[in-house]
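Numbering (the working numbering), first residue to last: 663 to 1134. Backbone N, C-alpha and C define an ideal beta-carbon position, used for all residues, glycine too.
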């Protein structure tokens, strides 16, 4: 191909990708699957991309052939600051990946560690309720997503670093949320450099450059805290905090595992980026659906009053006795999966899926958004109806065993933070609706409530949800 044809081809590709960007990729791919079936193949530049949009085929990828699809296609954005070389999310399945995964499973998200940190989570939920109470007294509306983000941010920062990074009234939480969202947005953008490797050196859309800025900005915050901790540990009077950072530094000093400082920095970046954004986004969507469906909200509040008493925090030990609250969380994940296309997989070999050969090296996207709204799986899929999850015959969970509902993915690369989310989300949501009655901000009515999505690696509300609390 001569130079002129190259330019024409790239211009055509650019126009195509601009159209792709305008349509929201998960919606565009859902429409294609509705027309052509649950397995479609797209030739995006030089990258063959296979899109899966049914639970049966998702099971083949995530369970039956999990060993073939365990690695990722890595977006060019993830190469910023060499993130892909250290990140648990992007590393190939290898000794380094297994080591980081083991550290997460044993030192952060194991039942023993989560039980030990339960009191800390309760304090964070109480602070959330206290902040809402202050706003109620002042007659102010609450930015639900921001309040949930601040709570989750401080939960993660206490668990990892033994500090609160923000409070409900501070600007830092908003700034950190903006930075995290910018990273999620950039890494999810269709990027010409991903589909035409020749363009990676050029970075035509500036995505890697912006990601480098966001990564450096965030890593600098964590690195200062790490250096302060290292200095503190040199003193004879230092008393260990037993947080995750101390655990990781102990591992380095004792040489029990093969882990280095860049891995610690990028692991903390992963945990904060994924953990804070996804949890707060789910909370915001759940509250939006409850406000849009007053009967569902009333039913949830009645269950809470009956089981734990009106006006009380939801303890983690209460969750098992609150089936309707758990059903609301599941229904939110079904209708609004936090990561609509999950993280991409990569075929390590030719493999037959659904009667078709997925070629070696192909990128595989699992459209969790389409699966959650598949009329062949769900009755009235666009209706928010938590009752569909009640009863033994409908015992569907989101832990990766039921492929109709896979907001955290599945297989060996399932999100490591799932055990924390199962505890934190019902506690936060249940406490908010049990301690307060809620209404939409003045001027907003149910019929005109904005439920539009803003696409990124996570799926946020296009317009932040603002609601007014009243004493329950």
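Please list the segments of the alpha helix (DSSP H) lying wholly inside the stretch 823-886, counting only runs of 4 or more residues, in order along the chain.
-> 833-850, 854-857
Any idea which residues DSSP pairs residue 1131 with across the strands?
-> 1100
Which of helix, strand or coil DSSP assigns to residue 794 | Residue state for residue 794 is assigned as helix, using DSSP reduced to three classes.
Segment contact flag, the stretch 842-856 with the stretch 870-879, C-beta cutoff 8 Å, min 3 pairs | yes
Of the choices 997, 1009, 1075, whose alpha-carbon is the least far from that of residue 1037?
-> 997
Measure the C-alpha to C-alpha separation of residue 1093 and residue 949 and round it to an integer number of angstroms.
-> Distance between the alpha carbons of residue 1093 and residue 949 is about 12 Å.
Member of 733, 699, 705 whose CA lies at the smallest distance from the CA of residue 1190 | Since the first residue shown for the chain is 663 and the last is 1134, residue 1190 is missing from the structure and cannot be characterised.
Could you spell out the range, first to last residue, of the alpha helix (DSSP H) harbouring residue 931?
-> 923-954
Ends of the beta strand (DSSP E) at residue 1014?
-> 1013-1015
Report back the beta-carbon spacing between residue 786 and residue 817 to the nearest angstrom; my notes put them in contact at under 8 Å.
-> About 5 Å separates the beta carbons of residue 786 and residue 817, which is inside the 8 Å limit, making them a contact pair.
Three-way DSSP call (helix, strand, coil) for residue 733 in this model | strand
Looking only at its own chain, which residues have a Cβ that is under 7 Å from the Cβ of residue 1061, when we skip the five neighbours before and after it?
-> A distance below 7 Å between beta-carbons, with the five flanking residues on each side excluded, links residue 1061 to the following residues of its chain, in chain order: 1080.
Determine the direct distance from the alpha carbon of residue 809 to that of residue 927, and round the result to whole angstroms.
-> 26 Å
Given a threshold of 16 other Cβ atoms within 10 Å of its Cβ, counted over all protein chains shown, does residue 820 qualify as buried or as exposed?
-> buried
Of the choices 723, 715, 745, whose alpha-carbon is the least far from that of residue 1011?
-> 723
For residue 709, does the three-state DSSP call read helix, strand or coil?
-> strand
In three-state terms, what does DSSP make of residue 1089?
-> helix
Please determine if the stretch 926-943 and the stretch 739-757 are in contact, where contact requires at least 3 C-beta pairs separated by less than 8 Å.
-> Touching, yes, given that three or more Cβ pairs across the two stretches are closer than 8 Å.
N-terminal and C-terminal residue of the alpha helix (DSSP H) that residue 769 is part of = 757-769
Exposed or buried, residue 1075, counting other C-beta atoms within 10 Å across all chains shown (16 or more means buried)?
-> buried
Member of 771, 750, 717, 791 whose CA lies at the smallest distance from the CA of residue 1015 = 717
The stretch 1030-1046 touching the stretch 749-769, judged by at least three CB pairs closer than 8 Å | Under the Cβ criterion (8 Å, minimum of three pairs), the stretch 1030-1046 does not count as touching the stretch 749-769.
By Cβ distance below 8 Å, which residues in the same chain neighbour residue 969 in space, the five residues on each side in sequence not counted?
-> By the criterion of a C-beta distance shorter than 8 Å, residue 969 is surrounded in its chain by 980, 983, 984, once the five residues flanking it on both sides are discounted.
Throw me the rounded Cβ distance for the residue 1087 and residue 906 pair, which I believe falls under 8 Å.
-> In fact, because the Cβ distance is near 21 Å, the residues do not count as touching under 8 Å.
Residue 1110: buried (16+ other C-beta within 10 angstroms of its C-beta) or exposed?
-> An exposed status is given to residue 1110, since fewer than 16 other beta-carbon atoms sit within 10 Å of its beta-carbon.
Residue 818 - DSSP class collapsed to helix/strand/coil = Three-state result, residue 818: helix.
Considering only the beta carbon of each residue, do residue 688 and residue 911 sit closer than 9 Å?
-> no
Which residue from 1063, 1128, 1124, 1106 puts its Cα closest to that of residue 726?
-> 1063
Residue nearest to residue 1085 in terms of C-alpha spacing, selected from 826, 784, 841 | 784
Taking buried to mean at least 16 other C-beta atoms within 10 Å of its own C-beta, is residue 837 buried or exposed?
-> exposed
Specify the secondary structure class of residue 772 as computed by DSSP and reduced to three states.
-> coil
List the whole-angstrom C-beta distance separating residue 1083 from residue 941, where the pair is believed to meet the contact cut-off of C-beta under 8 Å.
-> 6 Å
Distance, residue 692 Cα to residue 1101 Cα | 33 Å
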